[in-house]
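*Asks:*
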Amino acid sequence: MKTTEIAIIGGGPAGLSAAISGASSGAKVTLIDRNYSLGGQLKKQTHKFFGSQKQYASTRGFCIANILEDELKKYGDRVEILTNATVLGLYEDKVITIEQDKQYKKLKPEKIIVATGASEKFLAFPNNDLPGIYGAGAVQTLMNEYGVKPGNNVLMVGAGNIGLIVSYQLIQSGVNVKAIIDAAPQIGGYLVHASKIRRMGIPILTSYTIKYAHGKDAVEKATIWKIDENWEPIPNTEMDFDIDVICISVGLSPLADLLWQIGCKMEYIPELGGHEPIRDDNLETNISGIFIAGDVGGIEEASSAMVEGRLAGLCAAKSLGYYYGDYEERRKDLIDQLISLRSGPVGDKIRSGLRKVII
Amino acid sequence: MRIDEHPILSFKRVEKIKFVYNGKEYIGFKGDTIASALHAAGIKILGHHPETGRARGFYCAIGNCSSCLMTVNGEPNVRICIEELKEGMVVETQKGKGRLR
Amino acid sequence: MLIKTGIPTNEDIKEIVPSKERRGKGPVAIIECFQEIPCNPCYTACKFGAIKEFENINQRPIIDFQLCTGCGQCLTKCPGLAIFIIDESYSDTEALVQIPYEFLPLPKEGIFVTGLNREGKPICRAKVVKVKQGKGENKTSVITLKVPIEYSMEVRFLNIEDYFSDNTIICRCEGITLGEIKNLIKEGYETIDEIKRISRVGMGPCQGRTCRHLLLQEIAKETGQNMKNMPMSTFRPPIKPINIGIIAGGEDDE
């Protein structure tokens, strides 16, 4: 059976950063991603990132993907990259089974970093399964990765960061956004994102939810209505939009299937998007040698995912004996970066969620 | 449905790829998935649910939701949103749950 | 309320606007960042120490307007596109507003566009005086608009379409727009011949046949005159465009 020192599952912002950090500490790493190329959702992010210089602030997401990939390639032989490779199972003896190019493979690593990210949540309303109703991430993939418009007129459901960012990207691609609605009484995403869309004249309607999607074989119209403070719909507040796309952006939930498989202790933490693994400060789960990084451990911004990746890679390498004098200093710097990114009011939910899963 | 100009991105559509969808020839580009090529051609309805008969399009576009299953080169249940488009591919709407060859 | 609508309120703006005196002195950055989020590229971009070092990364930017030169470095670095440069020293009646812009097509320098407020409502006409295309990977372009001075703290986006019709063509031959004509009238040119001489309107190959009437109409409208009493332009031969050789050859009989 093939072996490696650290296997990293998922080549998005967290996984790439973990691989860089592990390899730069001296460990042999194998990075496994199910896509044809690395970068994960970073590749679709055309906006400039927030954060500070250490998290590539002010650089556009897809450029960060390239920067990280180039950095990883510096470590040459110590890095093995498996793309188009899906991890199928994770077993108690830490054996990973993989399907790559229709071949079944096994890999036995000493340490594993799970950085599988998240998937988009769905929303229950009549006719929600009509073609033309997509996850916001799907629309982002279609537009920014393949250069294809999802349609001509869009209703965006959800005013979190993803809903706001994808709305802006739709307009950049020449698509009309009729409105952005959110059931919450407040805009959930960064207000600067909201303001830059609002000044183009696109309404952001808070306390509104979708009532009905109309259409036979594809969506043609959407009816929305207002909800009161108890989240109950208010009759006679309906509004119709002629659209051919409804974009659902109601949050993400961690893709933690592999952690469940191997038996990590999981807790349901709504603030973090779903079920998350219990972990320590070094991002190691209750199963020794299984680390996590990024959205799989709780939904946050990609900036934090990158820092977590660095931290998990560093700590996994340390546990293999790759230890340098500046280890403590590097570890502290990464932990400080995370504390600082999460310290503000927009980090309230994340902090309260993390308190319940960090032991 | 292709984006021709974009303020941030540039789309290099160099190599044309011919494929067949339900007996008709279509053209996509290298780098497309089957789903993106079909969507660019205006095809959103990818099939119908085997039991309810309701129309199906993709939802996630990254291989999670499996709402985009089609028959490709005779193989049923291919998630076309993550399947690279290749020259001469034969893509068909799937009837029912598909049959193993 | 900003958090419900995405539109900063007058109270929000009041808190971040520099004094009228400072605004009149020259270009200055207006940072419309009203929420504590983990982000500091504006601080790292500022070479003049005008944006204070953040005590923590979630802090909102604090700017010293006296140190700010309005150089615009922070404008293209702000991931939220929340920074604008305004210059009220441009003239007594007009101000310049720099706006980050990430759409295609870019407006052309010299055209009139519609200035939009923070709600996206058209509020005034604006002239595009400069278009600085985003370089390298940054890609954020900066559009400088000339707006009536009272709108300098209002105009925050633009619509390339001209709702106020100032891009409407009056003279097809010379490409003279309604906006240009209106400006000339405002400057005091009030007869068709004056406007013709200063702008070449009506001096193209159609010799004014297509625009003459429109031009007269606009002058009448802007100056409140009755078209009946207004002087017409001077008519001179030749009445159609002809080969100069035909005249230079002289008359056959001579």
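Protein chains in written order, with the working numbering: chain A, 1 to 359; chain B, 360 to 460; chain C, 461 to 714. The C-beta atom is built at its ideal place from N, Cα and C for all residues, glycine as well.
Nearest-angstrom Cα distance between Arg-415/B and Gly-422/B?
*Replies:* 15 angstroms
*Asks:* So what's Tyr-119/A in DSSP terms, helix, strand or just coil?
*Replies:* Reading off the sequence shown, one finds Ser at residue 119/A, where the question assumed Tyr. It is a strand residue.
*Asks:* Would you kindly work out how many angstroms separate the C-alpha atoms of Leu-618/C and Leu-576/C, rounded to a whole number?
*Replies:* 5 angstroms
*Asks:* So with CB distances below 7 angstroms, who are the chain C contacts of Ile-367/B?
*Replies:* Glu-562, Lys-599
*Asks:* Kindly list the residues whose CB is nearer than 7 angstroms to the CB of Gly-532/C, restricted to its own chain and excluding five residues on each side of it in sequence; keep chain order.
*Replies:* Ile-545, Gln-558, Val-602
*Asks:* Quick one: complete alpha helix (DSSP H) runs, 4+ long, within the region 136 to 177 of chain A?
*Replies:* 136 to 140, 161 to 172
*Asks:* Measuring alpha carbon to alpha carbon, tell me which residue in His-214/A, Ala-85/A, Phe-122/A is nearest Leu-107/A.
*Replies:* Selected option, being the one with the closest Cα: Ala-85/A.
*Asks:* Is the region 512 to 530 of chain C close to the region 566 to 580 of chain C, with three or more CB pairs under 8 angstroms?
*Replies:* Result no; under three Cβ-Cβ pairs closer than 8 angstroms.
*Asks:* At 3 residues or longer, and completely inside the region 181 to 265 of chain A: list those beta strand (DSSP E) runs for me, N to C.
*Replies:* Segments of the beta strand (DSSP E) lying fully in the region 181 to 265 of chain A: 204 to 206, 208 to 214, 221 to 226, 239 to 242, 245 to 248, 252 to 254.
*Asks:* Kindly indicate which residue of His-275/A, Glu-276/A, Ile-234/A, Ala-179/A has the alpha-carbon position closest to the one of Cys-247/A.
*Replies:* Taking only the C-alpha atoms, the option nearest Cys-247/A is Ala-179/A.
*Asks:* Excluding the five sequence neighbours on either side, which residues of its own chain have a C-beta within less than 8 angstroms of the C-beta of Ile-404/B, listed in chain order?
*Replies:* Ala-414, Arg-415, Gly-416
*Asks:* Determine, for Phe-417/B, whether the minimum Cβ-Cβ distance to residues of chain D falls below 8 angstroms.
*Replies:* Annotation note: the requested chain D is absent from the structure, which comprises protein chains A, B and C.
*Asks:* Between Ser-340/A and Leu-252/A, which are expected to be in contact by the criterion C-beta below 8 angstroms, what is the C-beta distance as a whole number of angstroms?
*Replies:* The distance from the Cβ of Ser-340/A to that of Leu-252/A is about 23 angstroms, inconsistent with a contact at the 8 angstroms cut-off.
*Asks:* Could one say the Cβ of Ala-542/C lies closer than 8 angstroms to chain A's Cβ atoms, at least one of them?
*Replies:* yes
*Asks:* With H, G and I counted as helix, E and B as strand and the rest as coil, what does DSSP make of Gln-533/C?
*Replies:* helix
*Asks:* Along the chain, where does the beta strand (DSSP E) containing Arg-438/B start, and where does it finish?
*Replies:* Boundaries of the beta strand (DSSP E) around Arg-438/B: 434 to 438.
*Asks:* According to DSSP, Asp-547/C sits in a beta bridge with which residue or residues?
*Replies:* In DSSP, Asp-547/C forms a bridge with Leu-556/C.
*Asks:* Applying a beta-carbon distance threshold of less than 7 angstroms, which residues of chain C neighbour Lys-48/A?
*Replies:* Pro-539
*Asks:* On a Cα-Cα basis, can you pick out the residue from Cys-63/A, Ala-218/A, Glu-238/A that is closest to Trp-225/A?
*Replies:* Selected option, being the one with the closest Cα: Glu-238/A.
*Asks:* Along the chain, where does the beta strand (DSSP E) containing His-275/A start, and where does it finish?
*Replies:* Residues 274 to 277.
*Asks:* Decide yes or no for the touch test of the region 609 to 626 of chain C against the region 648 to 661 of chain C: beta carbon pairs closer than 8 angstroms, at least 3 of them.
*Replies:* no
*Asks:* Tell whether a beta-carbon distance below 8 angstroms holds between Ala-256/A and His-275/A.
*Replies:* With respect to His-275/A, Ala-256/A sits close: the two C-beta atoms are nearer than 8 angstroms.
*Asks:* Which whole-angstrom value describes the C-beta separation of Ile-583/C and Glu-614/C, a residue pair presumed to lie in contact below a C-beta threshold of 8 angstroms?
*Replies:* 6 angstroms between Cβ atoms; contact.
*Asks:* Please work out which residues of its chain come closer than 7 angstroms, Cβ to Cβ, to Phe-388/B, disregarding the five sequence neighbours upstream and downstream, and give them in chain order.
*Replies:* When the five nearest sequence neighbours on each side are left out, the beta carbons in the same chain lying within less than 7 angstroms of the beta carbon of Phe-388/B are those of Arg-372, Glu-374, Lys-375, Ile-376, in order along the chain.
*Asks:* Is it the case that the Cβ atoms of Ala-218/A and Gly-22/A are separated by a distance below 8 angstroms?
*Replies:* no
*Asks:* Using alpha carbons as the reference points, say which of Leu-205/A, Ala-312/A, Gly-147/A, Asn-176/A lies closest to Ala-159/A.
*Replies:* Considering only alpha carbons, the answer is Leu-205/A.
*Asks:* Quick one: Cα of Glu-513/C to Cα of Phe-50/A, how far?
*Replies:* When rounded, the distance between both Cα atoms is 16 angstroms.
*Asks:* Mind listing the chain A neighbours of Ile-467/C? Cutoff is C-beta to C-beta under 9 angstroms, in chain order.
*Replies:* Ala-194, Ser-195, Arg-198, Arg-199, Ile-204
*Asks:* Could you give the C-beta distance for Cys-528/C and Ala-489/C, rounded to a whole number, given that I count them as a contact under 8 angstroms?
*Replies:* Confirmed, about 5 angstroms.
*Asks:* Locate the alpha helix (DSSP H) running through Lys-349/A, then write down its first and last residues.
*Replies:* 348 to 357
*Asks:* So that I know if they touch, is there some Cβ in chain C lying closer than 8 angstroms to that of Cys-63/A?
*Replies:* Yes, because at least one Cβ of chain C sits closer than 8 angstroms to the Cβ of Cys-63/A.
*Asks:* Contact between the region 638 to 652 of chain C and the region 676 to 696 of chain C: three or more CB pairs below 8 angstroms?
*Replies:* yes
*Asks:* Could you tell me if Leu-346/A is buried or exposed, where buried requires 16 or more neighbouring beta carbons within 10 angstroms of its beta carbon?
*Replies:* One point to set straight first is that residue 346/A is Val, not Leu, in the sequence displayed. Per the 10 Å Cβ criterion, buried.
*Asks:* Would you mind giving the Cβ-Cβ distance between Arg-60/A and Glu-597/C, rounded to the nearest angstrom? I have them listed as a contact below 8 angstroms.
*Replies:* 7 angstroms
*Asks:* Hey, does Glu-364/B have any beta-carbon neighbour from chain C nearer than 8 angstroms?
*Replies:* yes
*Asks:* Give me the Cα-Cα distance between Lys-581/C and Phe-494/C, rounded to the nearest whole angstrom.
*Replies:* Phe-494/C has its alpha-carbon roughly 21 angstroms from the corresponding atom of Lys-581/C.
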